[in-house]
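Heads up, the sequence shown is in the numbering used here, so the first residue is 259 and it goes up one at a time. Here's the structure, in structure tokens; my notes come after.
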Amino acid sequence: MSLDNVTLRAATLDDLAGIAAIYNQLWCNTLRNRGDVEAADFCARFNIAMQLQRSPIALVAEAEGRIIAACCIGIFEDGKPRTNPTWESCYNEMLAQATEMAKAADAKLEGSLFGDSREKATADRFAATGNEYAQGQLNLIIIVPEWQGKGLGRALIDLARAELAKAGCTKFFLMSDCNSDWQFYEHLNMKRILEDHSQDTGDGFIVYMYGGDTQD
259 MSLDNVTLRA ATLDDLAGIA AIYNQLWCNT LRNRGDVEAA DFCARFNIAM QLQRSPIALV
319 AEAEGRIIAA CCIGIFEDGK PRTNPTWESC YNEMLAQATE MAKAADAKLE GSLFGDSREK
379 ATADRFAATG NEYAQGQLNL IIIVPEWQGK GLGRALIDLA RAELAKAGCT KFFLMSDCNS
439 DWQFYEHLNM KRILEDHSQD TGDGFIVYMY GGDTQD
């Protein structure tokens with residue numbers, strides 16, 4: 259499958275549903291499988307809004323008239339993440355809804371709502387240490403299943419590196435877990451820089467930090 263017909267562009271507010279649909283397909287199976295279709299849809303949209311709000315640089319890939327991938331790129335200044343003002347209002351509105359929903363939620367729904375946010379708290383703690391890699395972060399790379407393994411992931415990471423370099427970052431990091439494709443990261447000249455038993459998820463979740471140079 260060629261990438262010749264893939265268009266890369268900046269994400270807009272109108273793209274939320276398209277990006278969230280990919281997230282829902284990949285990571286909201288638990289809620290969907292028990293019949294919580296509306297909750298799965300909201301969790302996907304809320305988590306994507308959170309990722310975009312933390313990403314001054316946000317890109318989507320389109321092919322055949324639909325969004326097939328997205329890349330959210332974060333930048334840290336003085337150990338703190340820069341936010342994207344375009345997404346502030348959308349995120350804050352959905353955060354209020356998610357907080358209210360969580361009051362009556364069971365553990366699975368609450369985890370689906372705020373698990374990603376807790377992982378970001380781990381990233382913020384890492385950045386606050388002043389680690390040399392904590393200049394930029396690949397917050398999210400998400401690709402529809404039928405386009406995975408076709409070179410799109412590498413193309414998005416290459417583009418993220420270039421965008422971070424333009425922003426003055428020489429190094430960056432990403433977070434992964436035991437289900438991630440570590441060989442893919444290492445093939446792209448990233449290395450494991452930290453293994454963290456997350457204090458933020460509350461369940462002993464192990465987070466792996468991979469770091470790389472923007473000029474590779």
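Glycine residues also receive a C-beta, built at the ideal position from the N, C-alpha and C atoms. Source: prediction; values computed, not measured.
Those runs of the beta strand (DSSP E) which lie wholly inside the segment 326–413 and span at least 3 residues: 394–401
With respect to the alpha helix (DSSP H) encompassing Leu310, which residues constitute its N-terminal and C-terminal limits? By 1-based counting over the sequence shown, the position of residue 310 is 52. Looking at the DSSP string, the run of the alpha helix (DSSP H) that includes Leu310 is 295–311.
Using the rule of at least 16 other Cβ atoms within 10 Å of the residue's Cβ for burial, across every protein chain shown, is Trp440 buried or exposed? Position 182 of the sequence shown, counted from the start, is the residue given in the question as residue 440. Classification for Trp440: exposed.
Going by DSSP, what residues sit across from Thr265 in a beta bridge? In the sequence shown, counting from the first residue as 1, residue 265 sits at position 7. Partner(s): Glu320.
Here's the rule I'm using: 16 or more other beta-carbon atoms within 10 Å means buried, otherwise exposed. How should Pro403 be labelled? Here residue 403 refers to the residue found at position 145 when the sequence shown is read from its first residue. Classification of Pro403: exposed, given that the 10 Å Cβ count is below 16.
Whose C-beta lies closer than 7 Å to the C-beta of Ala298 among residues of the same chain, with five residues either side of it excluded? Here residue 298 refers to the residue found at position 40 when the sequence shown is read from its first residue. The residues are Asn282, Cys286, Leu289, Arg290.
Find the nearest neighbour of Leu378 within the set Thr341, Leu271, Asp272, judged by alpha-carbon distance. Position 120 of the sequence shown, counted from the first residue, corresponds to residue 378. It is Lys, not Leu, that sits at residue 378 in the sequence shown. Per the Cα distances, Thr341.
For Pro339, collect the residues of the same chain with a Cβ closer than 6 Å to its Cβ; drop the 5 residues on either side in sequence, then sort them by chain order. Here residue 339 is taken as the residue at index 81 of the sequence shown, counted from 1. Excluding residues within five positions, the ones whose Cβ falls inside 6 Å are Arg312, Gly332.
Please report how far the alpha carbon of Asn389 lies from the alpha carbon of Cys427, in whole angstroms. Residue mapping note: residue 389 aligns to position 131 of the sequence shown, counting from 1. Residue mapping note: residue 427 aligns to position 169 of the sequence shown, counting from 1. The straight-line gap from Cα to Cα measures roughly 13 Å.
With 16 as the cutoff for other CB atoms within 10 Å, does Glu322 come out buried or exposed? For this step, residue 322 is matched to residue 64 along the sequence shown. Exposed is the call here.
Meets three-Cβ-pair contact criterion under 8 Å: the segment 344–354 and the segment 379–386: no
Should Gln476 go down as buried or exposed, given a rule of 16 or more other Cβ atoms within 10 Å for buried? Nothing can be reported for residue 476, as the shown portion of the chain is limited to 259 through 474.
Using 8 Å for Cβ pairs, my map puts Gly302 next to Trp345. What's the rounded Cβ distance? Along the sequence shown, read from residue 1 onward, the residue named residue 302 stands at position 44. Along the sequence shown, read from residue 1 onward, the residue named residue 345 stands at position 87. The amino acid occupying residue 302 in the given sequence is Ala; Gly does not appear at that position. At roughly 15 Å, the Cβ-Cβ gap does not stay under 8 Å, so Ala302 and Trp345 are not in contact.
If you check the beta carbons only, do Cys330 and Leu398 fall under 7 Å apart? Position 72 of the sequence shown holds residue 330. Position 140 of the sequence shown holds residue 398. Cβ distance < 7 Å, so Cys330 and Leu398 count as in contact.
Beta carbon of Asn447, beta carbon of Asp416: below 7 Å? Here residue 447 refers to the residue found at position 189 of the sequence shown. Here residue 416 refers to the residue found at position 158 of the sequence shown. No, the Cβ-Cβ distance between Asn447 and Asp416 is not below 7 Å.
May I ask you to report which of helix, strand or coil DSSP gives Asp474? In the sequence shown, residue 474 corresponds to position 216, counting from 1. Coil at Asp474, not helix or strand.
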